[in-house]
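A.B. asks: The end of the sequence shown is residue 469 by this note's numbering, with every number in the run present. In this text, a Cβ means the ideal position worked out from N, Cα and C, and glycines have one as well. Treat the numbers as computed from the prediction; the structure is a model and nothing was measured.
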Amino acid sequence: MAVLDLVQEVLAGQDPAGLLPARQQMALSLGWHIVLASFGVAFPAMIFVAHWRGVYRDDANALTLAQRWAKVSAVLFAIGAVSGTVLSFEMGLLWPGLMGPFGDVLGLPFAFEGLSFFTEAIFLGIYLYGWGRMPPRLHLLMILPMAVAGVVGTYCVVAVNAWMNMPVGFAIEGGEVVDIRPWEVLFNPGAILQFAHMWVAAYMVVGFLVAGVYAAGMLRGRRNRHHRLGFTMAFVFASVAAVIQPFVGHLLGLRIATRQPAKLAAFELATTTESPSPLRLGGLLVDGEVRYSLDIPYLGSIIARNSFTKPVVGLDEIPVADQPPINITHVAFQTMVGIGTLLAVAVVVYWFARWRGWDLLANRWMLRAAVAAGPLALIALEAGWIATEVGRQPWVVYDVLRTADAAGDNPDLWILLVATTILYTALTIGAITVLRSMSRRWRAGEEDLPSPYGPELQEPGVDERPVGS
Numbered sequence: 001m002a003v004l005d006l007v008q009e010v011l012a013g014q015d016p017a018g019l020l021p022a023r024q025q026m027a028l029s030l031g032w033h034i035v036l037a038s039f040g041v042a043f044p045a046m047i048f049v050a051h052w053r054g055v056y057r058d059d060a061n062a063l064t065l066a067q068r069w070a071k072v073s074a075v076l077f078a079i080g081a082v083s084g085t086v087l088s089f090e091m092g093l094l095w096p097g098l099m100g101p102f103g104d105v106l107g108l109p110f111a112f113e114g115l116s117f118f119t120e121a122i123f124l125g126i127y128l129y130g131w132g133r134m135p136p137r138l139h140l141l142m143i144l145p146m147a148v149a150g151v152v153g154t155y156c157v158v159a160v161n162a163w164m165n166m167p168v169g170f171a172i173e174g175g176e177v178v179d180i181r182p183w184e185v186l187f188n189p190g191a192i193l194q195f196a197h198m199w200v201a202a203y204m205v206v207g208f209l210v211a212g213v214y215a216a217g218m219l220r221g222r223r224n225r226h227h228r229l230g231f232t233m234a235f236v237f238a239s240v241a242a243v244i245q246p247f248v249g250h251l252l253g254l255r256i257a258t259r260q261p262a263k264l265a266a267f268e269l270a271t272t273t274e275s276p277s278p279l280r281l282g283g284l285l286v287d288g289e290v291r292y293s294l295d296i297p298y299l300g301s302i303i304a305r306n307s308f309t310k311p312v313v314g315l316d317e318i319p320v321a322d323q324p325p326i327n328i329t330h331v332a333f334q335t336m337v338g339i340g341t342l343l344a345v346a347v348v349v350y351w352f353a354r355w356r357g358w359d360l361l362a363n364r365w366m367l368r369a370a371v372a373a374g375p376l377a378l379i380a381l382e383a384g385w386i387a388t389e390v391g392r393q394p395w396v397v398y399d400v401l402r403t404a405d406a407a408g409d410n411p412d413l414w415i416l417l418v419a420t421t422i423l424y425t426a427l428t429i430g431a432i433t434v435l436r437s438m439s440r441r442w443r444a445g446e447e448d449l450p451s452p453y454g455p456e457l458q459e460p461g462v463d464e465r466p467v468g469s
């Protein structure tokens with residue numbers, strides 16, 4: 001029997017036993033791993049700028065930042081390797097109906113992601129152990145392959161997700177997946193914009209989180225140049241990303257309007273097709289009616305369709321079986337947009353005030369806001385992925401394969417979910433413990449932390465010359 005026919009043999013009106021635990025575990029794994037993936041994308045660039053400043057401007061504080069950030073990056077990379085390995089097994093274990101027929105279609109981007117991971121690991125190791133052992137400028141260049149590999153690996157994973165939203169690169173004949181064109185999958189129409197959205201989001205998350213660490217230090221009285229420079233460098237990255245993100249998101253939203261009207265209808269809580277469509281702030285769908293919302297006329301069409309008159313397709317034109325969970329999708333989307341807008345406005349106000357000569361780093365309320373910006377950016381990231389993934393339902397491959405048909409019928413997946421939850425809890429506790437220990441020892445004056453962060457130098461290395469030599 002054809003593979004697709006086999007995976008679609010689900011009892012009428014009955015979900016497979018593995019569907020709910022598979023969904024819960026995928027949500028847990030992706031929601032946890034995406035934070036580490038953000039550091040893999042953004043942290044190398046931040047380290048590069050700090051190290052460049054240290055070498056070429058003879059800035060000892062910047063060089064210290066680069067060295068410390070690299071050691072933090074190593075800890076996060078090691079933990080991400082564990083969660084990434086879990087994810088790689090989960091794809092086939094949780095979704096046999098997807099990976100069985102479409103494994104060959106998705107093989108190329110996953111292969112490149114694996115190669116990128118090993119490349120990043122190799123150059124991260126060279127960079128970590130190169131301190132005091134390599135010429136400064138050559139040592140600086142070791143960050144570039146690490147940064148490129150992190151970006152390429154993330155792009156490959158996002159390309160797979162974009163393919164799920166806009167599937168290309170194959171044909172189905174007689175229930176079989178044939179005519180596979182892997183390069184079309186890797187560079188599918190949605191990949192570039194969706195990756196750009198994720199790429200910028202990573203800089204927001206990492207930039208605001210790192211800046212928040214130094215803001216918290218300044219709130220505790222540590223207002224030396226090290227903390228001010230650490231805050232400013234991270235905040236610059238976050239600020240640029242926060243200002244760019246609304247424009248990238250707008251372009252991505254325009255494509256959703258034509259490719260996934262059900263998702264857009266849920267985003268906008270559009271129960272009926274209106275021309276022009278209003279923008280609904282807040283609101284929930286209760287018994288088929290929109291309640292608790294503030295409607296702004298015309299703005300829905302302007303934002304979602306770049307038009308004063310084009311409508312947002314209403315849910316009344318979409319079969320109930322093809323509609324996503326409306327309230328979850330809508331609330332997640334508005335949470336992402338609301339926080340993103342708030343952060344964009346906040347950074348514009350900050351830099352305007354700084355341009356006017358105000359020393360905001362002396363203001364405790366500003367520092368508290370900077371500390372809060374990191375968790376807010378993280379919430380926006382998670383909300384964005386919830387909106388993307390839940391909004392695609394009931395399809396795992398849009399308009400081709402339903403999520404229920406992709407899941408297996410193994411009720412024991414609940415045991416795996418419990419085990420994964422315990423693993424991620426242990427990893428989280430371990431990461432916090434190690435990073436706090438490193439922070440305390442740095443504050444105590446220890447710079448060359450012993451193994452596993454790197455071997456101690458036995459004799460002065462060839463490159464223990466002044467910075468910039």
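Within a Cβ cutoff of 8 angstroms, which residues of the same chain sit near V82, ignoring the five residues on either side of it in sequence?
C.D. replies: Numbered from 1 along the sequence shown, position 82 holds the residue referred to as residue 82. Result list for V82: L423 and L427, in chain order.
A.B. asks: Exposed or buried, which one is H250 when buried takes at least 16 other CB atoms within 10 Å?
C.D. replies: Against the sequence shown, residue 250 aligns to sequence position 250. The residue is exposed, with fewer than 16 neighbouring Cβ atoms inside 10 Å.
A.B. asks: Could you tell me which of S307, P319, I379 and G357 sits nearest to I339, measuring between CA atoms?
C.D. replies: As a working mapping, residue 339 is identified with position 339 in the sequence shown. Closest option to I339, Cα to Cα, is I379.
A.B. asks: What span of residues does the beta strand (DSSP E) with A171 cover, start to end?
C.D. replies: Numbered from its first residue, the sequence shown carries residue 171 at position 171. Segment A171 to E173, the beta strand (DSSP E) holding A171.
A.B. asks: Compute the distance between the beta-carbons of F267 and A147, then report whether it is under 8 angstroms.
C.D. replies: The sequence position of residue 267 within the sequence shown is 267, counting from 1. The sequence position of residue 147 within the sequence shown is 147, counting from 1. No, Cβ-Cβ distance for F267 and A147 is not below 8 angstroms.
A.B. asks: Keeping to the same chain, check which residues put their C-beta closer than 8 angstroms to that of T508; ignore five residues upstream and five downstream.
C.D. replies: Residue 508 is absent from the structure shown; the chain starts at 1 and stops at 469.
A.B. asks: Start and end of the beta strand (DSSP E) containing W395?
C.D. replies: In the sequence shown, the residue the question calls residue 395 occupies position 395. Element bounds for W395: W395 to V397.
A.B. asks: Roughly how many angstroms lie between the CA atoms of G31 and T309, to the nearest whole one?
C.D. replies: As a working mapping, residue 31 is identified with position 31 in the sequence shown. As a working mapping, residue 309 is identified with position 309 in the sequence shown. Taking the straight line from one Cα to the other gives about 37 angstroms.
A.B. asks: With distances taken from CA atoms, which of V418, R356 and V158 is nearest V28?
C.D. replies: The residue labelled residue 28 in the question sits at position 28 within the sequence shown. Residue identity differs from the one stated: residue 28 is Leu in this sequence, not Val. Considering only alpha carbons, the answer is V418.
A.B. asks: Is the Cβ-Cβ distance between Q245 and V290 less than 8 angstroms?
C.D. replies: On the sequence shown, residue 245 is found 245 positions in, with the first residue counted as 1. On the sequence shown, residue 290 is found 290 positions in, with the first residue counted as 1. No, these two residues do not count as a Cβ contact at 8 angstroms.
A.B. asks: Hey, out of A202, Y127, M164 and I122, whose CA is closest to T154's CA?
C.D. replies: Here the question's residue 154 lines up with position 154 in the sequence shown. T154 has its Cα closest to that of A202, out of A202, Y127, M164 and I122.
A.B. asks: Considering Y292, what are the terminal residues of the beta strand (DSSP E) in which it resides?
C.D. replies: The residue given as residue 292 occupies position 292 in the sequence shown. Y292 -> beta strand (DSSP E) spans E289 to I296.
A.B. asks: Return yes when at least one heavy atom of the ligand MG lies under 7 angstroms from the C-beta of I180, else no.
C.D. replies: With respect to the ligand MG, the structure offers nothing, as it holds no ligand at all.
A.B. asks: Since A22 and L413 should fall inside the 8 angstroms C-beta cutoff, what is the C-beta to C-beta distance between them, to a whole number of angstroms?
C.D. replies: Here residue 22 corresponds to residue number 22 of the sequence shown, with the count starting at 1. Here residue 413 corresponds to residue number 413 of the sequence shown, with the count starting at 1. With a Cβ gap of about 6 angstroms, A22 and L413 count as contacting.
A.B. asks: Report the residue from V41, T420, A362 and V434 whose alpha carbon sits nearest the alpha carbon of F195.
C.D. replies: On the sequence shown, residue 195 is found 195 positions in, with the first residue counted as 1. Comparing Cα positions, the closest option is V41.
A.B. asks: Checking the sheet assignment: what are the DSSP bridge partners for L285?
C.D. replies: The residue given as residue 285 occupies position 285 in the sequence shown. Answer is V290, bridged to L285.
A.B. asks: Alpha carbon to alpha carbon, how far is I386 from L416? Give it in angstroms, no decimals.
C.D. replies: Position 416 of the sequence shown, counting from 1, holds the residue named residue 416. Position 386 of the sequence shown, counting from 1, holds the residue named residue 386. In a straight line, the C-alpha of L416 is about 22 angstroms away from that of I386.
A.B. asks: Just verifying my parser: in three-state terms, what is the DSSP assignment at R305?
C.D. replies: Within the sequence shown, numbered from 1, the residue matching residue 305 stands at position 305. R305: helix per DSSP, three-state reduction.
A.B. asks: Using the DSSP secondary-structure output, state which residues sit across from E176 in a beta bridge.
C.D. replies: Position 176 of the sequence shown, counted from the first residue, corresponds to residue 176. According to DSSP, which records beta bridges pairwise, E176 is partnered with E173.
A.B. asks: Quick one, which of R220, I34, F208 and F247 has its alpha-carbon nearest F231's?
C.D. replies: For the purposes of this step, residue 231 is taken as residue 231 along the sequence shown, with counting starting at 1. The candidate whose alpha carbon is nearest that of F231 is F208.
A.B. asks: Given L186, which residues of its chain have a CB within under 8 angstroms of its CB, disregarding the five upstream and five downstream residues?
C.D. replies: Mapped onto the sequence shown, residue 186 falls at position 186. Cβ neighbours of L186 beyond the five flanking positions: L108, P109, F112, C156 and A159.
A.B. asks: How far does the alpha helix (DSSP H) with M421 in it reach, from first residue to last?
C.D. replies: Along the sequence shown, read from residue 1 onward, the residue named residue 421 stands at position 421. It is worth fixing the name first, because residue 421 is Thr in this sequence and not Met. First-last of the alpha helix (DSSP H) with T421: L413 to R443.
A.B. asks: Mind checking whether M218 and L367 have CB atoms under 8 angstroms apart?
C.D. replies: The count along the sequence shown starts at 1 and reaches residue 218 at position 218. The count along the sequence shown starts at 1 and reaches residue 367 at position 367. Yes, the Cβ-Cβ distance between M218 and L367 is below 8 angstroms.
A.B. asks: Could you please give the first and the last residue of the uninterrupted alpha helix (DSSP H) stretch that includes D104?
C.D. replies: Working through the sequence shown from its first residue, we reach residue 104 at position 104. Counting along the chain, the alpha helix (DSSP H) containing D104 begins and ends at P96 to Y129.
A.B. asks: Are the CB atoms of A407 and P394 nearer to each other than 8 angstroms?
C.D. replies: Locating residue 407 in the sequence shown gives position 407, where the first residue counts as 1. Locating residue 394 in the sequence shown gives position 394, where the first residue counts as 1. For A407 and P394, no; Cβs fall outside 8 angstroms.
A.B. asks: Look at L401 and L98 and say whether their C-beta atoms are less than 8 angstroms apart.
C.D. replies: Within the sequence shown, the letter at position 401 stands for residue 401. Within the sequence shown, the letter at position 98 stands for residue 98. Result yes, Cβ atoms of L401 and L98 sit closer than 8 angstroms.
A.B. asks: By DSSP's criteria, L279 is part of a beta bridge. Which residues make up the other side?
C.D. replies: Taking the first residue of the sequence shown as position 1, residue 279 is located at position 279. BP columns for L279 point to I296.
A.B. asks: Determine the closest residue to L279 out of L115, R222 and A265, with distance taken between C-alpha atoms.
C.D. replies: The residue you call residue 279 lines up with position 279 of the sequence shown. Nearest C-alpha to L279: A265.
A.B. asks: Kindly give me the distance between the Cβ atoms of Y139 and G130, rounded to whole angstroms, as I take these residues to be in contact under 8 angstroms.
C.D. replies: Locating residue 139 in the sequence shown gives position 139, where the first residue counts as 1. Locating residue 130 in the sequence shown gives position 130, where the first residue counts as 1. The amino acid at residue 139 is misidentified as Tyr; the sequence shows His. The Cβ separation is near 5 angstroms, so the contact holds.
A.B. asks: Here's the rule: buried if 16 or more other CB atoms are within 10 angstroms of the residue's CB, otherwise exposed. What is W365?
C.D. replies: Taking the first residue of the sequence shown as 1, we reach residue 365 at position 365. When all chains shown are included, W365 counts as exposed.
A.B. asks: In its own chain, which residues sit with a C-beta less than 6 angstroms from the C-beta of L381, not counting the 5 before and 5 after it?
C.D. replies: Here the question's residue 381 lines up with position 381 in the sequence shown. Hits under 6 angstroms: A201 and V205.
A.B. asks: Hey, could you find the ends of the alpha helix (DSSP H) R354 is sitting in?
C.D. replies: As a position in the sequence shown, residue 354 is number 354, starting the count at 1. Note, R354: alpha helix (DSSP H), I326 to W355.
A.B. asks: Less than 8 angstroms between the beta carbons of P324 and G253, yes or no?
C.D. replies: The residue given as residue 324 occupies position 324 in the sequence shown. The residue given as residue 253 occupies position 253 in the sequence shown. No, the Cβ-Cβ distance between P324 and G253 is not below 8 angstroms.
A.B. asks: With 16 other CB atoms within 10 Å as the buried threshold, where does I79 fall?
C.D. replies: Within the sequence shown, the letter at position 79 stands for residue 79. The residue in question, I79, is buried, as its Cβ has 16 or more Cβ neighbours within 10 Å.
A.B. asks: Return the chain-ordered ranges of every alpha helix (DSSP H) run that is complete within the region 190 to 232 and spans a minimum of 4 residues.
C.D. replies: Counting whole runs of 4 or more residues, the region 190 to 232 contains the alpha helix (DSSP H) stretches 191 to 219.
A.B. asks: Go to N165, then tell me how far its alpha helix (DSSP H) extends in each direction, as first and last residue.
C.D. replies: Counting from 1 along the sequence shown, the entry for residue 165 is found at position 165. Unbroken alpha helix (DSSP H) run through N165: I143 to N165.
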